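Asker: Dropping a structure here in structure tokens format, bear with me for questions.
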Amino acid sequence: MGLEFNPSPRRSLGVEIELGIVDRQTGQLVPASNEIIGALTDRHQEVEHPKAKHELFLSTIEIITGVNLTAAQARDDLAATVSEVSDELDKHGLALIGGGVHPFADPKTLVRSPSERYDQLVNRIRWPAERLQIHGTHFHVGVGDADKVIHIMNHLTGFLPHFIALSASSPFWESEETGLASVRSKIFEAMPTAGLPSLFADWEHYAAFIDAMIASSSIHTVREIWWDLRPHALYGTLEFRMCDSLATLRETAALAALAQCLVDYLDQAIDDRTAPAETIGWVVRENKWRAARYGLDAELIDQTGAARAIKDDIRDWLSRLQPTATKLNCVAELADINTILSVGGSYARQRAVLDESGSLSDVVQSLMNEFSQDVIQ
12 MGLEFNPSPR RSLGVEIELG IVDRQTGQLV PASNEIIGAL TDRHQEVEHP
62 KAKHELFLST IEIITGVNLT AAQARDDLAA TVSEVSDELD KHGLALIGGG
112 VHPFADPKTL VRSPSERYDQ LVNRIRWPAE RLQIHGTHFH VGVGDADKVI
162 HIMNHLTGFL PHFIALSASS PFWESEETGL ASVRSKIFEA MPTAGLPSLF
212 ADWEHYAAFI DAMIASSSIH TVREIWWDLR PHALYGTLEF RMCDSLATLR
262 ETAALAALAQ CLVDYLDQAI DDRTAPAETI GWVVRENKWR AARYGLDAEL
312 IDQTGAARAI KDDIRDWLSR LQPTATKLNC VAELADINTI LSVGGSYARQ
362 RAVLDESGSL SDVVQSLMNE FSQDVIQ
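The numbering of the sequence shown is the working numbering, which starts it at 12 and goes up by one.
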């Protein structure tokens with residue numbers, strides 16, 4: 012068993028967001044990340060920028076935080092780098108957008124980042140990797156024990172639909188209305204190790220699985236496990252990977268607070284034997300589909316087949332998590348989940364723009380405006 016978990020002594024929080032680079036006038040994706048990150052890196056006089064990173068395609072920039080303790084700190088961390096990147100983009104008539112998928116981009120026209128790692132990835136996986144014109148948001152929440160991170164992950168599978176519905180921001184694909192709130196989640200599931208996580212008894216069980224995957228050449232490193240939830244051994248975190256890229260940093264901070272609160276709540280509840288029962292596999296799969304299809308209008312089912320509105324379940328959990336939010340100093344950020352429920356998710360807001368103007372270019376413009384103004388509108 013070669014994989015060791017590096018525990019996090021605090022309830023740390025890290026966030027990674029993938030954003031599209033678009034032309035301000037046309038709304039088209041622009042393969043400019045090399046030039047933008049290069050200019051910023053030169054300014055920092057470093058080998059690479061500490062928080063603005065390349066992704067598979069040159070029309071994407073990933074922005075990451077350092078290790079934070081609160082959702083507000085993470086938002087401020089992201090905002091500082093976003094401001095730096097945006098200032099450089101503005102010189103070239105470019106801007107950033109959130110959203111899980113660019114509404115009318117053709118994946119075949121995208122320019123891949125020059126990287127041996129990316130070349131090997133695409134050559135091995137081919138069609139699914141070539142279609143990854145998608146953007147996601149990842150949350151890392153610190154956990155102090157290897158076995159506990161597995162147990163929390165097992166319990167959290169029941170919350171996958173909540174995060175998918177709240178973050179859903181990809182109703183369009185290649186200029187087509189998909190009928191889904193999050194087509195990104197379906198596109199990414201085509202990757203060989205993406206989608207629902209496997210369940211494990213403990214860390215040893217998980218580490219043995221990783222050893223077997225590497226020994227069989229199914230993956231080359233543990234980084235190629237792309238589940239919706241996965242342990243991150245080096246960081247000592249549980250990583251949430253199911254979310255579309257959020258339209259605003261305000262929404263990003265809200266879901267970061269929810270992720271941090273749920274991990275902290277379940278960590279204690281597992282010890283106290285008060286944690287909700289783990290959700291069985293077919294229910295997890297069905298509810299994930301419902302969230303991707305219907306977003307915040309989805310009805311979840313339980314193990315008996317009884318249905319309940321996802322909004323009601325989210326509101327119940329917001330109430331249950333209030334003491335945890337107070338403890339973690341994220342009451343205001345968690346309260347913005349209610350703002351999303353009230354205003355509507357990004358997928359619904361994008362559809363409203365299209366219904367009003369009939370133009371996907373206007374949808375991109377609305378994404379530019381929401382992200383730059385950090386207003387849920």
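No residue lacks a Cβ here, since even glycine has one placed at the ideal position from N, Cα and C. Bear in mind the structure is a predicted one, so any value in this text is a computation, not a measurement.
1. Tell me the start and end of each unbroken beta strand (DSSP E) in the stretch 80-166 that is at least 3 residues and wholly inside, in chain order.
2. Does the pairing of the stretch 336-346 with the stretch 276-291 give three or more beta-carbon distances under 8 Å?
3. Closest to A343 by C-alpha separation, out of T315, V274, L269, would be which residue?
4. Considering Cα atoms alone, identify which of R261, L257, F170, F220 is closest to A286.
5. Measuring alpha carbon to alpha carbon, tell me which residue in A83, A317, Y246, V112 is nearest A258.
6. Using a threshold of 8 Å, state whether the C-beta atoms of L69 and S126 are closer than that.
7. From the DSSP output, in three-state form, read off I32 for me.
8. Closest to P242 by CA distance: which of G316, E46, V93, F220 is it?
9. When we look at the beta-carbon of T335 and count the other beta-carbons within 10 Å, is it buried (16 or more) or exposed?
10. With a threshold of 8 Å between beta carbons, is V294 in contact with chain B?
11. Under 8 Å: do the stretch 270-281 and the stretch 189-206 share three or more Cβ pairs, one atom per stretch?
12. I'd like the span of the beta strand (DSSP E) that includes I74, first residue to last.
13. What's the C-alpha gap between P139 and R54?
14. When you compare the CB positions of V33 and M379, do they come within less than 8 Å of one another, or not?
15. If you draw a straight line from the alpha carbon of L249 to that of G153, how long is it in whole angstroms?
16. Are the stretch 43-53 and the stretch 130-146 in contact at 8 Å, needing three or more beta carbon pairs?
17. Which runs of the beta strand (DSSP E) fall wholly inside the stretch 315-357 and span at least 3 residues, in chain order?
18. In the DSSP assignment, find the unbroken alpha helix (DSSP H) run with A63 in it and report its ends.
19. Which of the three DSSP states is assigned to V41 in this structure?
20. Is the stretch 227-243 close to the stretch 304-311, with three or more CB pairs under 8 Å?
21. Does the distance from the CB of A265 to the CB of D347 come in under 8 Å?
22. Is DSSP giving H216 helix, strand or coil here?
23. One question on the structure: do L89 and T350 come within less than 8 Å of each other, judged by their Cβ atoms?
24. The beta strand (DSSP E) with E392 in it runs from where to where?
25. Check E262 in the structure and name its three-state DSSP category.
26. Under DSSP, the alpha helix (DSSP H) around M253 begins and ends at which residues?
27. From the DSSP output, in three-state form, read off A192 for me.
28. I want to check one thing, is the minimum distance from the CB of L121 to the heavy atoms of the ligand NAP below 7 Å?
29. Locate the beta strand (DSSP E) running through R301, then write down its first and last residues.
30. Are the CB atoms of F115 and S229 nearer to each other than 8 Å?
31. Does the stretch 95-108 touch the stretch 364-372, meaning 3 or more C-beta pairs lie closer than 8 Å?
32. So what does DSSP say about V374, is it helix, strand or coil?
33. Rounded to whole angstroms, what's the CA-CA distance from S370 to A359? Just pull it up for me.
34. State the Cα-Cα distance for the pair G25 and G316, rounded to the nearest angstrom.
Answerer: Based on what the coordinates show:
1. Runs found: 105-108, 147-153.
2. Taking 8 Å as the limit for Cβ pairs, the verdict is that the stretch 276-291 does not touch the stretch 336-346.
3. One-based indexing of the sequence shown puts residue 343 at position 332. Just measuring C-alpha positions, the residue of T315, V274, L269 sitting nearest A343 is L269.
4. Taking the sequence shown and counting its residues from 1, the one referred to as residue 286 is at position 275. For the residues R261, L257, F170, F220, the minimum Cα distance to A286 belongs to F170.
5. Position 247 of the sequence shown, counted from the start, is the residue given in the question as residue 258. Nearest in C-alpha terms to A258, of all of A83, A317, Y246, V112, is V112.
6. Working through the sequence shown from its first residue, we reach residue 69 at position 58. Working through the sequence shown from its first residue, we reach residue 126 at position 115. Cβ atoms of L69 and S126: not closer than 8 Å.
7. Position 21 of the sequence shown, counting from 1, holds the residue named residue 32. The three-state secondary structure of I32, taken from DSSP, is strand.
8. As a first step, residue 242 must be located in the sequence shown, where it is residue number 231. Proximity to P242 across G316, E46, V93, F220 peaks at F220, based on C-alpha coordinates.
9. Position 324 of the sequence shown, counted from the start, is the residue given in the question as residue 335. By the Cβ-count criterion, T335 is buried, with 16 or more other Cβ atoms from all chains shown falling within 10 Å of its own Cβ.
10. Among the chains in the structure shown there is no chain B, since it carries only a single protein chain.
11. No, the stretch 270-281 does not touch the stretch 189-206.
12. For the purposes of this step, residue 74 is identified with residue 63 of the sequence shown, where counting begins at 1. Run containing I74: 71-75, per the beta strand (DSSP E) assignment.
13. The count along the sequence shown starts at 1 and reaches residue 139 at position 128. The count along the sequence shown starts at 1 and reaches residue 54 at position 43. Their Cα atoms are separated by approximately 36 Å.
14. Along the sequence shown, one-based indexing puts residue 33 at 22. Along the sequence shown, one-based indexing puts residue 379 at 368. It is a contact, given that the beta carbons lie within the stated cut-off.
15. For the purposes of this step, residue 249 is taken as residue 238 along the sequence shown, with counting starting at 1. For the purposes of this step, residue 153 is taken as residue 142 along the sequence shown, with counting starting at 1. Approximately 6 Å between the Cα atoms of the pair.
16. Judged by pairs of C-beta atoms under 8 Å, the stretch 43-53 does not touch the stretch 130-146, as fewer than three such pairs exist.
17. As far as the stretch 315-357 is concerned, its whole beta strand (DSSP E) runs of at least 3 residues are 318-320.
18. Locating residue 63 in the sequence shown gives position 52, counting from the first residue. Per DSSP, A63 is not a residue of any alpha helix (DSSP H); the beta strand (DSSP E) it occupies stretches across 63-65.
19. The residue you call residue 41 lines up with position 30 of the sequence shown. Looking at V41 - three-state DSSP - the assignment turns out to be coil, as it is neither helix nor strand.
20. With contact defined as three or more Cβ pairs closer than 8 Å, the stretch 227-243 and the stretch 304-311 are not in contact.
21. Taking the sequence shown and counting its residues from 1, one reaches residue 265 at position 254. Taking the sequence shown and counting its residues from 1, one reaches residue 347 at position 336. Yes. Within cutoff.
22. On the sequence shown, position 205 is the one that residue 216 refers to. Helix, per DSSP.
23. One-based indexing of the sequence shown puts residue 89 at position 78. One-based indexing of the sequence shown puts residue 350 at position 339. T350 is positioned such that its CB atom lies no closer than 8 Å to that of L89.
24. The requested residue 392 does not occur in the structure, where the chain is confined to residues 12 to 388.
25. As a first step, residue 262 must be located in the sequence shown, where it is residue number 251. Annotated three-state conformation of E262 is helix, per DSSP.
26. Here residue 253 refers to the residue found at position 242 when the sequence shown is read from its first residue. Element bounds for M253: not the alpha helix (DSSP H) but the beta strand (DSSP E), 248-255.
27. The residue you call residue 192 lines up with position 181 of the sequence shown. Coil, per DSSP.
28. Here there are no bound small molecules, and the ligand NAP is not part of this structure.
29. Within the sequence shown, numbered from 1, the residue matching residue 301 stands at position 290. No beta strand (DSSP E) holds R301; the alpha helix (DSSP H) holding it covers 292-305.
30. To locate residue 115, count along the sequence shown from 1; it is residue 104. To locate residue 229, count along the sequence shown from 1; it is residue 218. Taking a C-beta distance under 8 Å as the contact criterion, F115 and S229 do not qualify as a contact pair.
31. Taking a cut-off of 8 Å for Cβ pairs, the stretch 364-372 and the stretch 95-108 do not touch, as fewer than three such pairs fall below it.
32. By one-based count along the sequence shown, residue 374 stands at place 363. It is helical.
33. Position 359 of the sequence shown, counted from the first residue, corresponds to residue 370. Position 348 of the sequence shown, counted from the first residue, corresponds to residue 359. Between S370 and A359, the C-alpha separation is close to 15 Å.
34. Position 14 of the sequence shown holds residue 25. Position 305 of the sequence shown holds residue 316. Pairing G25 with G316, the inter-Cα distance amounts to about 36 Å.
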